[in-house]
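2 protein chains.
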Amino acid sequence: MDKSQKDTNTEQRILEAAKKVFVRKGMAGARMQDIADEAGINKALLHYYFRNKEKLFEMIFTEAASKLFPRINQLFTAELPLFEKIERFCHEYIDIVKSNPYLPLFVLNEINQNPEHFLQKFWKGEHKPNPTHLLNQIAEEVQRGTIRPIHPVNLLINLVSMTIFPFMAKPMLEANLGISADQFNDFIEQRKKEIPAFIISALRP
Amino acid sequence: MDKSQKDTNTEQRILEAAKKVFVRKGMAGARMQDIADEAGINKALLHYYFRNKEKLFEMIFTEAASKLFPRINQLFTAELPLFEKIERFCHEYIDIVKSNPYLPLFVLNEINQNPEHFLQKFWKGEHKPNPTHLLNQIAEEVQRGTIRPIHPVNLLINLVSMTIFPFMAKPMLEANLGISADQFNDFIEQRKKEIPAFIISALRP
DNA sequence: AGCTTTGTTAACTATTTGGTTAAACCATAT
DNA sequence: ATATGGTTTAACCAAATAGTTAACAAAGCT
């Protein structure tokens, strides 16, 4: 094991290894041994730092979800004109997910496999997305006639779908459009501007 | 065990049970015992009909993917005006997924956990989505000036994202918007018309 | 130095789980 | 009735995997 590893905090190394393995393989598919190997340590040490698999997983999942959700809230609740808000959401959110492209699929999948557990236990306070502010804002603009009539929830879902879905379909897109990981990144990068333009164009009265 | 179960073909009962469990828990999370229980049979009988877990899984996965992908191709390759094609895609595809709401997340997740395996082994011929026809069609309309300039791939991804993503986020949407499964269905149903309208509006020159 | 706390390991245990075996069951043909 | 062949089961086995223990090493403290 090289110095750079030994130097680093063991707990941190475990968390990074666990994240890597859990996000790739999911809670059920991840092996404690693999996490230990990835961290370059003994399996027993894993249990020394984190009592069991579930505890370790919850830590990773919480961290992952914390990266994904609270920022949504900030963006949704900000005091900004609608179009600017849409632009900023796309821009910032794509940046977040771009550096963790597998997070959305991971989180949504685990939620799907155990909805009660996560949605009841984990979604408290700041973690729970609260889109009401944005929804009201959309409804206002519709009423004022500045944008085409649209059910606010539809617009919200369209925005989120177009932003997040490409990451979830990443392996398929790369294989099917015959593009490399780099090209995928370029494609995503360009969508920062494309998605808002598309939405704003759709909303022209 | 009631008559209705005993009557049905055992193999069919197993496949249905396996689908239920695999789709819910994923390959790694599914337990052969659970599948046996769900089918109301002995675990050994599972291995009598399907040699092992992998074989059984592959059967389910293939069936699932066959339900999702080939239909896309038919719709993409059809000889229809662009807008009509978009409308039909939304309408028909939402119908397909509506009766199997967990399929997209299941399939994308398994592909993600083992891209080489599935994309190389499974994507042959009709299974492989081939969007070139639709992409050309979009490019033509752009050149002709009948729709706003847009990179065809972006439009394609927007269409697919808005159609499929809501199903993947179903548990989150139900919990977060405080809606029931029935209301979710209503919401999805209404999007059959909403998504095409949104896209067509965005494409107005 | 000696003592205590913290970090780390190899070897082990317990449990889960995929898969097997041999016997029982049951319908049907002879 | 009974032999036959496909179907089903209870009991078992082996491999994989989460978790434990006990000994040891390193670092801190008096």
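Residue numbers (the working numbering), protein chains in the order written: chain A, 687 to 891; chain B, 687 to 891. We put the CB at the ideal spot given by N, CA and C, even for glycine.
Open item on the list: Taking CB distances under 7 Å as the criterion, tell me whether B/Ile-700 reaches chain A.
Closed with: no
Problem set entry | Reference B/Gly-726; option with closest CA among B/Leu-701, B/Ile-833, B/Asn-862, B/Phe-870 | From the listed residues B/Leu-701, B/Ile-833, B/Asn-862, B/Phe-870, the smallest Cα separation to B/Gly-726 is found for B/Leu-701.
Residues from the segment 790–816 of chain A in contact with chain B, defined by Cβ distance under 8 Å: Of all residues in the segment 790–816 of chain A, Leu-791, Leu-794, Asn-795, Ile-797, Asn-798, Gln-799, Pro-801, Leu-805, Trp-809, Lys-814, Pro-815 have a Cβ within less than 8 Å of some Cβ in chain B.
For this session: Compare the C-beta of A/Ile-843 with all C-beta atoms of chain B and state if any pair is closer than 7 Å.
Result: yes
Q. Does the Cβ of B/Gly-712 have 16 or more other Cβ atoms within 10 Å, making it buried, or fewer, making it exposed?
A. buried
**Report entry** Alpha carbon of A/Thr-696 to alpha carbon of A/Asn-795, nearest angstrom
**Finding:** 29 Å
**Study point:** Same chain, Cβ closer than 8 Å to B/Leu-821, five either side skipped, listed in chain order
**Key:** Pro-838, Val-839, Leu-842
Nearest-angstrom Cα separation, counted from B/Arg-877 out to B/Glu-740
37 Å
Nearest-angstrom Cα separation, counted from B/Ala-855 out to A/Ile-850: Taking the straight line joining both Cα atoms gives about 11 Å.
Item to complete: Starting from B/Arg-710, find everything on chain A with Cβ-Cβ shorter than 9 Å and list it in chain order.
Response: Asn-798, Gln-799
- Query: Beta-carbon of B/Glu-724 versus every beta-carbon of chain A: anything under 7 Å?
  - Reply: no
According to DSSP, is A/Gly-864 part of a helix, a strand, or is it coil?
coil
Inset, instruction - Measure how close the beta-carbons of B/Tyr-788 and A/Asn-798 come, nearest whole angstrom, since I'm counting them as under 8 Å. - result: Taking a contact as a CB-CB distance under 8 Å, the pair B/Tyr-788 and A/Asn-798 counts as one, their CB atoms being some 7 Å apart.
Below-7 Å beta-carbon distance, B/Ser-752 vs any chain A residue: no
Exercise for the section: Rank B/Lys-814, B/Ala-888, B/Leu-761 by C-alpha distance to the C-alpha of A/Leu-659 and give the top, closest one. Expected result: Residue 659 of chain A cannot be examined here, being either before or after the span of chain A that is shown, 687 to 891.
Can you find at least 3 beta carbon pairs, one from the segment 864–877 of chain A and one from the segment 871–890 of chain B, that sit closer than 8 Å? no
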